[in-house]
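The block underneath contains the structure these notes are about, expressed in structure tokens.
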Amino acid sequence: MMVIALDRLVPGSLVPFGTRAAVVSPELAAAFQPGDHLLVMQDSGALLRIPAAQKLLVSEVVDRAAVAFAAMGAVTDDAVSAFFGRFAELLAEPAVWAEIAVANALDVATARAAGRSVTRLEAGPKMRRDMIAGLRAWRDAAPGRGRVLERITHDGWTIEQRTAALGVVAFVFEGRPNVLADAAGVLRSGNTAVFRIGSDALGTARAILRHAVQPALAAARLPDGALGLIESADRAAGWALFSDRRVALAVARGSGSAVAQLGAVARQAGVPVSLHGTGGAWMVAIANADPVRFAAAVRHSLDRKVCNTLNVCCIERAAAAALVPVFLEALRAAGDARGHGCKLHVLAGSEACVPADWLGATTRVRRAEGDSDEELVDVLPEDLLGREWEWEDTPEVTLALVDGIEHAVALCNRYSPRFTVSLISEDRGAHDAFYAAIDAPFVGDGFTRWVDGQYALNQPELGLSNWEHGRLLARSGILSGNGVHTVRSRVTQTDIDLHR
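Under the numbering used here, the letters of the sequence shown match residues 2 to 501, in that order.
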């Protein structure tokens with residue numbers, strides 16, 4: 002087989018993938034330069050161009066991370082603890098945070114001017130406190146390397162299964178600067194990490210790296226490059242990172258389509274991947290639900306928009322007269338708490354349960370691109386039931402009437418992201434049956450916002466995955482630093498005459 006260098010593309014050329022072929026567009030052909038890389042996505046036929054400069058930039062950062070990983074075996078757990086402690090101390094220093102805050106304010110202003118959401122971008126006091134608390138939790142956590150998972154004793158010899166570091170972990174995430182601190186947790190288990198952050202938060206990430214991460218690495222005498230940032234806003238940098246076969250695990254957080262594409266790039270390159278993209282929690286209330294508990298669960302699941310915010314609420318049809326008013330009152334209370342009203346979508350066929358004064362009314366909705374006057378209620382076809390509502394300050398949710406638990410489970414398993422689900426019922430048997438039938442990693446009996454590594458497990462999370470890729474590590478869909486490990490076997494032989 003003869004292989005030649007690809008130095009140009011011809012418009013209209015066919016690029017085979019599977020049993021089909023993609024067509025090279027004039028725009029792609031004009032942009033392609035010698036040294037560029039072309040990825041042909043086998044699942045979709047998409048042609049992804051990685052400029053040579055982006056490939057080189059990513060390769061250099063991964064190089065440093067790989068060298069650092071090789072050195073991590075000689076780093077003590079005390080040194081890793083010292084890094085987390087110093088990182089937290091630096092974030093707590095007013096002068097350091099002032100530098101980060103200036104960079105973040107510029108990022109926020111730029112994103113807002115472009116009409117993009119800044120709810121996860123703003124590095125305010127709460128984000129700062131959570132980052133510091135998470136780093137201190139890692140400082141105080143038990144060592145993640147060498148933990149004995151199993152010991153098997155034979156005559157004359159013993160074998161131990163021990164946790165061990167995995168390698169270079171690659172992260173791609175959008176406008177969430179706190180992830181840089183959360184994901185540093187992979188050092189606890191002996192790994193190193195490379196980050197690529199979206200353009201919205203790149204300035205903030207640079208400031209965190211320069212004023213906190215790098216000084217903390219130096220103070221703890223950890224290898225240079227143990228945590229590296231790809232300083233590029235080009236989406237192709239993410240493709241280059243996830244297709245680098247030196248990466249032991251690729252983790253993506255962000256919007257659904259971008260994350261799905263990154264996952265396809267990694268899998269095609271043979272890189273294990275954990276995706277954290279589509280969110281939106283579901284809640285099911287049946288006839289024997291406690292109305293007070295139901296109201297509290299709805300209200301506390303709509304305090305802000307993140308991945309575990311209530312997105313779809315299913316109410317048993319037989320209890321609609323009693324529970325729909327409770328739901329609507331709780332929804333309105335959640336909107337009043339934020340000062341910007343609420344927005345309701347109703348599954349087609351469920352409109353009769355909505356009061357007349359809601360139907361036809363308008364509401365002022367705050368969106369990333371600005372405020373707008375919209376209908377308070379609109380009707381949603383069933384095939385859009387899984388759509389995640391990305392709201393700013395106006396809580397937005399879908400209401401669906403169902404015939405019972407089985408109907409709710411069927412809708413959830415078909416249309417939801419198979420992520421977070423709660424059942425409001427006073428029947429423990431119903432909860433057991435619901436848990437057995439629902440295809441989701443996070444199942445509860447109250448508010449949905451408990452799904453968070455730091456809140457639930459006292460471990461800062463690297464991300465929350467839905468069921469599609471949450472099974473990768475045979476663990477919870479909460480991926481945390483101590484969960485990024487492999488297993489090694491160590492044998493101690495006491496009988497020198499062992500023979501098979």
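Ideal Cβ placement from N, Cα and C applies to all residues, glycine included.
C-beta atoms of residue i and residue j nearer than 7 Å
| i | j | result |
| --- | --- | --- |
| Val195 | Ala253 | no |
| Gly199 | Glu175 | yes |
| Ser481 | Gln460 | yes |
| Ile51 | Ala221 | no |
| Leu400 | Cys343 | no |
| Gly229 | Val76 | no |
| Ile316 | Ala349 | no |
| Gly447 | Ala298 | yes |
| Thr279 | Pro418 | yes |
| Ala104 | Gly204 | yes |
| Phe243 | Leu223 | no |
| Val347 | Val325 | no |
| Cys354 | Leu412 | no |
| Asp201 | Leu122 | yes |
Contacting residues, own chain, Cβ-Cβ under 7 Å from residue i (five flanking each side not counted)
| i | result |
| --- | --- |
| Gly147 | Arg163 and Thr164 |
| Leu7 | Leu39 |
| Ala369 | Gly116, Arg117, Ser118 and Glu393 |
| Gln43 | Phe18, Gly19 and Gln269 |
| Gly454 | Gln460, Pro461, Glu462, Ile479 and Ser481 |
| Pro382 | Ala349 |
| Met132 | Leu92, Asn179 and Ala182 |
| Arg129 | Leu92 and Trp98 |
Minimum C-alpha distance to residue i - residue among the options
| i | options | result |
| --- | --- | --- |
| Ala288 | Arg318, Ala267 and Leu263 | Arg318 |
| Leu150 | Val410, Gly430 and His486 | His486 |
| Ala219 | Pro52, Glu462 and Arg87 | Arg87 |
| Glu389 | Gly255, Pro178 and Arg207 | Gly255 |
| Arg9 | Ala30, Val24, Leu15 and Ser26 | Ala30 |
| Gly387 | Glu161, Ala297, Ala282 and Val68 | Ala282 |
| Phe295 | Arg305, Leu311, Val307 and Lys306 | Leu311 |
| Leu303 | Glu397, Met132 and Ala71 | Glu397 |
| Phe70 | Thr395, Arg247, Ser45 and Gly13 | Arg247 |
| Arg207 | Ile101, Ala431, Gly46 and His277 | Ile101 |
| Val16 | Ala32, Met3, Val41 and Phe33 | Val41 |
| Arg65 | Asp78, Gly226 and Gly74 | Gly226 |
| Val214 | Gly13, Gly464 and Ala184 | Ala184 |
| Gly361 | Val378, Ser351 and Gly371 | Val378 |
Identified DSSP bridge partners for residue i
| i | result |
| --- | --- |
| Trp158 | His155 and Gln494 |
| Pro17 | Ala22 |
| Arg367 | Asp372 |
| Cys315 | Val285 and Ala401 |
| His277 | Arg254 |
| Glu462 | Ser481 |
| Thr421 | Phe443 |
| Asp453 | BP columns for Asp453 are empty, so no partner. |
| Ala166 | His486 |
For residue i, three-class secondary structure by DSSP
| i | result |
| --- | --- |
| Arg489 | strand |
| Ile42 | Before going further, note that residue 42 is Met rather than Ile in the sequence given. Coil at Met42, not helix or strand. |
| Lys344 | strand |
| Trp98 | helix |
| Glu407 | helix |
| Asp37 | coil |
| Ala124 | coil |
| Thr310 | coil |
| Ala234 | coil |
| Leu386 | coil |
| Val68 | helix |
| Ala475 | Unreliable positioning characterises Ala475 in this predicted model, as indicated by a pLDDT of 49, which lies under 50. A coordinate reading is not provided. |
| Phe174 | strand |
| Val195 | strand |
| Arg9 | coil |
| Asp225 | coil |
| Arg50 | strand |
| Leu150 | strand |
| Thr205 | helix |
| Val327 | helix |
Sequence-distant residues of its chain with Cβ nearer than 6 Å to residue i (five each side left out)
| i | result |
| --- | --- |
| His500 | none |
| Pro35 | Asp8 |
| Leu145 | According to the sequence as given, residue 145 is Gly; it is not Leu. The answer, listed in chain order, is Arg189, Ser190 and Asn483. |
| Ala249 | Leu167, Gly168 and Val169 |
| Ala83 | Ala221 |
| Phe443 | Thr421 and Val452 |
| Gln494 | Trp158 |
| Trp139 | Phe85, Gly186 and Arg189 |
| Asp245 | Val63 |
| Val410 | Ala438 and Ile439 |
| Ala334 | Arg300 |
Closer than 7 Å to chain B by CB, residue i
| i | result |
| --- | --- |
| Ala259 | Here chain B cannot be found, since the structure has a single protein chain. |
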